[in-house]
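Following: one structure in structure tokens, then a few remarks.
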Amino acid sequence: MKMIIMLYNLGDQIYVWTNRVKVGPYHNPHETYDYFTLPFCRPNLPSSLSAKRGGFSEILEGTILQNSGIIFAFKVDALRTTLCTVSFDTEQVYQMQMAIANHYWYQLDVDGLPIWAKVGDLDISDEKFEEIERAGVRFVMRV
Numbered sequence: 014m015k016m017i018i019m020l021y022n023l024g025d026q027i028y029v030w031t032n033r034v035k036v037g038p039y040h041n042p043h044e045t046y047d048y049f050t051l052p053f054c055r056p057n058l059p060s061s062l063s064a065k066r067g068g069f070s071e072i073l074e075g076t077i078l079q080n081s082g083i084i085f086a087f088k089v090d091a092l093r094t095t096l097c098t099v100s101f102d103t104e105q106v107y108q109m110q111m112a113i114a115n116h117y118w119y120q121l122d123v124d125g126l127p128i129w130a131k132v133g134d135l136d137i138s139d140e141k142f143e144e145i146e147r148a149g150v151r152f153v154m155r156v
């Protein structure tokens with residue numbers, strides 16, 4: 014196994030990548046989708062910065078890293094900034110509701126280190142959610 018050591022200087026740019034095939038339900042890790050099938054912020058980047066491939070194992074797995082549009086500077090304090098502003102239509106709200114209800118997770122990559130997180134959390138138990146869903150009530154997503 015080849016180990017690559019990255020050395021950064023103060024202020025060097027570090028990109029956060031999304032794993033194209035790693036968004037899906039937590040309870041079924043084999044069910045995965047393209048990161049941008051959910052209505053996440055889409056960066057407007059030059060094609061040279063839009064995607065990159067990993068090593069042999071990543072190619073076999075089907076991993077394709079896409080630039081998330083998140084960039085930070087090494088060892089430089091960052092101010093809170095807005096990546097984008099999104100207005101969801103009814104279908105996109107439903108997509109996010111279903112992703113949250115089905116415990117979808119996603120994977121980001123920073124300098125080869127994977128970061129996993131849930132798309133969102135419910136403030137209620139799964140049983141209560143299923144009861145409300147059977148009654149035909151829809152949730153409004155809070156940000």
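Everything in the sequence shown is counted per the numbering used here, starting at 14 for the first residue and increasing by one.
Positions of the beta carbon are idealized from the N, C-alpha and C atoms, including for glycine.
*Determine contact between the region 28-47 and the region 114-129, defined as no fewer than three beta-carbon pairs at a distance below 8 Å.*
These segments touch.
*Between the region 88-108 and the region 36-46, are three or more C-beta pairs nearer than 8 Å?*
In short, these stretches do not touch, since the Cβ pair count stays below three.
_Start-end ranges of the alpha helix (DSSP H) lying completely within the region 77-134, minimum 4 residues_ = The region 77-134 contains these whole alpha helix (DSSP H) runs: 103-114.
*May I have the straight-line CA-CA distance separating P56 from T76, to the nearest angstrom?*
Here residue 56 refers to the residue found at position 43 when the sequence shown is read from its first residue. Here residue 76 refers to the residue found at position 63 when the sequence shown is read from its first residue. The alpha-carbon atoms of P56 and T76 are separated by roughly 19 Å.
_For S70 and K131, I'd like the C-alpha separation in whole angstroms._
If you number the sequence shown from 1, residue 70 lands on position 57. If you number the sequence shown from 1, residue 131 lands on position 118. For S70 and K131, the gap between their C-alpha atoms comes out near 25 Å.
*Give me whichever residues DSSP pairs with Y46 in a beta bridge.*
Locating residue 46 in the sequence shown gives position 33, counting from the first residue. DSSP, once it has assigned bridges, lists V36 as partnering Y46.
*Tell me which same chain residues have a C-beta within less than 6 Å of the C-beta of Q65, skipping the five on either side of it?*
What you label residue 65 is simply residue 52 of the sequence shown in a count that begins at 1. Just to set this straight, residue 65 is Lys in the shown sequence, not Gln. In the same chain as K65, and ignoring 5 residues on each side of it, the C-beta atoms closer than 6 Å to its own belong to L78, in chain order.
*Which residues in the same chain as N115 place their Cβ atom closer than 6 Å to its Cβ, once the five residues preceding and following it in sequence are excluded?*
Looking up residue 115 in the sequence shown gives position 102. When the five nearest sequence neighbours on each side are left out, the beta carbons in the same chain lying within less than 6 Å of the beta carbon of N115 are those of P38, in order along the chain.
_Helix, strand or coil for I72? Go by DSSP, reduced to three states._
Taking the first residue of the sequence shown as 1, we reach residue 72 at position 59. In this structure, DSSP gives I72 a helical state, which the three-state scheme calls helix.
*Tell me, please, which residues DSSP counts as bridged to K65.*
Start at 1 with the first residue of the sequence shown, and residue 65 comes out as number 52. Under the DSSP definition of a beta bridge, K65 partners with L78.
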